[in-house]
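Here's the structure we're looking at; comments come further down.
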Amino acid sequence: MDPNAFNAALNAPAGSTEQIQILSELRTVLEQQQSTIPIFLTTLAPRILAQSGESLIKQWMMDLLLFGLSQSSLVVENRAQIASSTLDAQVSLLGEQATVYVKGAIHCLAASYPLLFRALCTNRSARQQWDTLLAAKSRVLAFVDDASLPLGIRQSAIKFMQRAILVQTRGVNDPRLQNKADPNLSMCPSDHPFISLSALDNEGQELLKKAVTILYMSSNMDILSALVNTLAALFKMRPTLANVIIQAVSTWNPQIAMGGQSPMSVRSVEKSIKILLHHIYKSPQGAPYARQIADAIQAQTARMEAAAQEARRKRALEAEANEAAKRTKLEPPPVATPPSAPTPVEPPTSTFANFDFSTLPLPLVVDILIANLTVLSDERLANAITARRAFLSQSTIPMAPVTPTIQPDVPPLVAPTPQLPVSASQLESQTQAQAPPEPEPPVKEEPLDPLKMDIDDDDLEYEPDKLNVAAQAQVEAEQAEQDQVAPLDLAAFSLPTPKDLSDTTRSGLVKSSVSRIWDAGEEVLGREVRAGGGDTAVGLPPEEMWMLLVVRMISRGAGAGRVKDEGDDRSLVHNLAFREDGMRQMLLDYVLADFSGRMKLAIVWMNEEWYNDRIQAKQDPSREPQYDIWLGRLATFLKVRMEPKDKTFARFLMELPLVSSHVLSLCRELAETPQQMGIGFAALREFIQLRPPVRPEATRILLDLTAHPEKVTRNAAINTVRRWVPETEPMNTEITVFAKKLLKQLQEGQRPFEENEFPRYLPPKLELPARKAEVIQHVELMFALSVRVPAFLDEIFAAYVHMESTVQEAMQDLLAPLVRSLGPTNTKLLSLIKTFEPGAESLILRIIKILTENGRPNANLVALVKELIAERDLDARFLMPIIGEMDKPDIVKNLPRIVSMLNGKPEPKALVKSAFQAIVAAPPESFTKGSSNQPRMKQSEQLTPVDLMVLLHEDKEIGIKPAMEAISICFQIVDVFRSDVLAAVMQQLLDLATLPTLFLRTVIQAVTTYKNLVGFVSTTLLSRLITKKVWTNPPLWEGFIRCAKVIAPASFGALLQLPREQLKELISKQPALKEDLREYVVRRAGPKARLLEVFSDQPDQPPSAAPPDSAPPAIQE
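According to full-length UniProt numbering, the stretch in the sequence shown is residues 1 to 1117, in order.
The structure is reproduced here in structure tokens:
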């Protein structure tokens, strides 16, 4: 949209043609780009509508505001935003002097009230806006009873009252069945801070009572008609009010409500009520009241017939009285007149001679004509027609020597030229003065408008006896001259050429005719053929033939079958086509106004246009086909207006004689639109199933959508095509081939699609490293089909080994939903795991993990994995998912394989830790510290922490570095490897004949982690190591020295048990212990000389002696 367009309209002269043109074009653009309407209105509408006075732009903005508030294609939230931002401007319009602004404001408020109520139910802070809305509502509702206001304002207020009743009554209580597009009291929480549900409910009931009161008390035809028209929506949308509405409408009586009003007014209201009753009777909501409605319709029909008969009786009496009075006044005085020259009698002047009948509405004129014709007997009507034809023949055919004999009882074979119609009384006077002695001067007859002619009821009263006598006298006079006149050759007679009407007149007449036809057929539109004739009837049933009449008038109108000659006027041909397009546009607008109710008319129209194109193409091959043009326009407009769950569009497309590429493209667009995808997929599905000629193209569109980048669209397409696999052909074959090609597209060096069949939504080339979003476009269809046909898993496994590594990684993640849906008991999946090809190890490992991630693994799967590991020497990662289900011997057997995975990286470390947690049982609280005599666990149970730690110290099979890393992992599992457990581990390792290399490393790590183990290590463990001559094993001796330093000075007592040479070696390797250890020896009781020599720098210096009976000093921490 051009942002300067509105500025140009503002700068144009007010009310000028230029301004009108700019605003019209801007409105068209906004309707086509409806996403810009909310921004446009919220920004400009408050300022424009707040301007004082009248202006074209102000009225244009008000109309656009009403369009934006009521357009269902806009999101409800956007419409609520429009209503909220323009509420003050709408209220200000109520104070305008011009009726058009007040009516527009009421219409806007009627659309805003439900939207704002729905928004304010969740917004608890907009109290001021709610107060403004309530004040506006009270002001509008007061207009209903104000008789001084213009009728249009009161009718608009009645429409607002209907909206208020809908909002202020409760809808369906079940939240699953509630319609979000129907705001009502059920949507509002009971604890809302400023919306009082009880007050609104009471007001809604009062408004309903008020509507019923107006129905019974008001005598204004227009007010009653407007009120009756609002009751249909209340009945349909509020089932709880149905009984009240049925009771009110069925018991309405014009003698009470409209006493003293004209019969025409009564009949108008009666028709409105009758239409309402028929509408309710045919609706699903009216089924429970069918008997009551049928009785009401029958009673109303009898009442209307009685009123019509009474009206005809009164008119007949009045006509007779008026005729008698006219005859008395027009009777000539008794004067002697020569018999050969009778004086012509002037036709009597009608009472309504000066009345302008063109001011009467056309339906009323038709009703008057029909009512007058019904009071005539067939005999009198036939005699009048015969006499009139005889008169017209005498007055229009030139006098010849002999006139043909015309029998009074037989009409002429050729219709005479139409002349000015006359009344029955005038006809009688004219027939009495037929043969004047002298010719009268010719009177030029002017063409008259039939609507301006005198059609008083008195004119239809005539006396057939007198007319017959007059006609017989004329025939006898002409018979005498018959021999002198040559017989009239009726075969040579032709009607005069009718006058050519202007384009405006012609267009108006056609539109008027078409409007009357479909107004009359509106009541029967959509009626089903009665039982017994629906299955065998060919074409349209009788009650729907009016549709065919309207459509053929438009599609085969003037110029439709005319072949253009070389000499034809191009402008004339253009004008004919222009007029036909105007008629078609009128029909298009009529169908779009209520497509669901007029779908049958649209189907008839499209079939006629298609058939007419075929006929015209034979005569004029250059003629542009109209079927594609108008089907495209109809489909385009429907796309904008369709509701998300509308099923009529798909049914309409199924009835089309020819489905063009434009329609299929439209279905594609609908399928890509989240709000309307259900309609698009339903149409494509029906095309594929029921329309073989368009099946290939529709199937191609649907298959392309299975690779759509949007997940919602892609899943909807996959669910649509999956129903045809594997039973339905030929769709099954096409879908299967397409899915295999998609999968093959991921393989390196493969290009399965031809250039002209490459899927619309796939990238031309898969970029590496592959993105998961692109990979899933290729594989999700095959995954979905594999659920229904597990044999397709072979295709997935076979293709996997030929994919690039990043594609394989994406496949592993995307495969999870499919594997979960198949489950660990699927025989096909287990068979593929057992027989997978080399190169698919990562895929198999991922599948095993998925199958074991929730709950215990299946026994068959555990056995299968064990068999694979044994046969193929697989990586230890295959053990991780099932290790918790393995028995103790298997765990011990495979523990080195598990620990050998460790390489210092976080991922293997996490796997091994999870494996340890799965195979080790947490020790009981009463675990005996330091005991090596614990009862052994059964082989079928889990390993104890002590068993695992002891096994990890067997570094020959595991390796030093992996074992060190594994032991560190155990220390991280603090809830299992507690201090008492570690004490038992150290005790059990100490009891071994050969101490493990990592033993003292574990001891150091234990005393570092748990300080309470220092006493056990210093008093028991180090002493036993000295007894085992730990210095004979260099790695262990090095660990002993480090452990002594870590727990010093607690280790000093055990160190003094070392032989002299080993003690010297320890001090030399750990000089930091020398002074503390010397001090410990000095303060220690007992002989010290030998020990002090170890710390002496001069070995010959005698050591100081201590008293033999002195007590050892306390150990200093």
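We put the beta carbon where it would ideally sit given N, CA and C, even for glycine.
Taking residue 81 as part of the alpha helix (DSSP H), name the residues at either end of that continuous run.
76 to 85
Work out the CA separation of residue 309 and residue 605 for me, nearest whole Å.
40 Å
Just mark residue 534 as buried or exposed, buried being the case when its beta carbon has 16 or more other beta carbons within 10 Å.
For residue 534, the pLDDT reaches just 42, beneath the cut-off of 50, and the residue's location in the model is therefore unreliable, although a value from the coordinates is still provided. So residue 534 counts as exposed.
On the DSSP bridge list, what partners appear for residue 803?
747
Could you tell me which of 909, 682 and 857 sits nearest to residue 653, measuring between CA atoms?
Ranking the options by Cα distance to residue 653, first place goes to 682.
Does DSSP put residue 249 in a helix, a strand or coil?
helix
Residue 791 to residue 736 span [Cα, whole Å]:
12 Å
Do three or more CB pairs link the region 216 to 228 to the region 183 to 197 at distances below 8 Å?
no
Tell whether a beta-carbon distance below 8 Å holds between residue 739 and residue 814.
No, the Cβ-Cβ distance between residue 739 and residue 814 is not below 8 Å.
Segments of 4+ residues assigned as alpha helix (DSSP H) that fall wholly inside the region 726 to 783
Entirely contained in the region 726 to 783, the alpha helix (DSSP H) runs reaching 4 residues are, in chain order, 731 to 744.
Given this structure, state the Cα-to-Cα distance separating residue 957 from residue 1064, to the nearest angstrom.
36 Å
Cβ-heavy atom distance, residue 171 to the ligand ATP, below 7 Å:
Of ligands this structure carries none, so the ligand ATP is not represented either.
C-alpha gap between residue 1019 and residue 988, whole angstroms
16 Å
Distance, Cα to Cα, residue 39 vs residue 33?
If you take the alpha carbons of residue 39 and residue 33, they lie about 12 Å apart.
Host alpha helix (DSSP H) of residue 649 (start-end)
648 to 654
As an exercise, report each continuous alpha helix (DSSP H) stretch of at least 4 residues that is fully enclosed by the region 827 to 915, in chain order.
827 to 834, 841 to 852, 859 to 872 and 888 to 899
Smallest Cα separation from residue 180: which of 210, 204, 820 and 237?
237
Starting from the Cα of residue 211, find the closest Cα among 162, 99 and 193 and give me that residue.
For residue 211, the nearest C-alpha among the options comes from 162.
Presumed contact (8 Å Cβ cut-off) between residue 1028 and residue 969, rounded CB distance
With a Cβ gap of about 28 Å, residue 1028 and residue 969 do not count as contacting.
Between the region 196 to 208 and the region 125 to 135, do at least 3 Cβ pairs fall closer than 8 Å?
As far as the Cβ criterion goes, the region 196 to 208 does not touch the region 125 to 135, which means the pair count is below three.
Touch test, the region 629 to 649 against the region 670 to 688, Cβ-Cβ under 8 Å, three pairs minimum:
yes
Where residue 516 falls, given that 16 or more other Cβ within 10 Å makes a residue buried
exposed
Quick one: Cα of residue 414 to Cα of residue 389, how far?
For residue 414, the pLDDT reaches just 36, beneath the cut-off of 50, and the residue's location in the model is therefore unreliable, although a value from the coordinates is still provided. Distance between the alpha carbons of residue 414 and residue 389: 10 Å.
Pop quiz: residue 588 and residue 634 are said to be a contact at Cβ under 8 Å. What is the actual Cβ separation, rounded to whole angstroms?
6 Å
If I measure Cβ to Cβ from residue 999 and keep anything under 6 Å in the same chain, skipping five residues before and after, which residues do I get?
989
Along the chain, where does the alpha helix (DSSP H) that runs through residue 1152 open and close?
Absent from the model: residue 1152. The displayed extent of the chain is 1 to 1117, so no value can be given.
Alpha carbon to alpha carbon, how far is residue 623 from residue 616? Give it in angstroms, no decimals.
Cα-Cα distance, rounded: 7 Å.
Through-space distance from residue 663 to residue 689, alpha-carbon basis:
17 Å
Residue 149 - DSSP class collapsed to helix/strand/coil:
coil
Expressed to the nearest angstrom, what Euclidean distance is found between the alpha-carbon atoms of residue 139 and residue 268?
30 Å
Going straight from the alpha carbon of residue 263 to that of residue 619, what length do you get?
Cα to Cα, residue 263 sits roughly 54 Å from residue 619.
Just to confirm, is the Cβ distance from residue 962 to residue 899 under 8 Å?
yes
Of the residues 701, 715 and 802, the one placed nearest residue 743, counting alpha carbons only
802
Residue 670 versus residue 708: straight-line alpha-carbon distance, rounded:
14 Å
Quick one: using the 10 Å Cβ neighbour count with 16 as the cut-off for buried, is residue 725 buried or exposed?
buried
To test your reading of the DSSP string, which unbroken alpha helix (DSSP H) runs of 4 or more residues are found completely within the region 1050 to 1091?
1052 to 1055, 1060 to 1069 and 1074 to 1083
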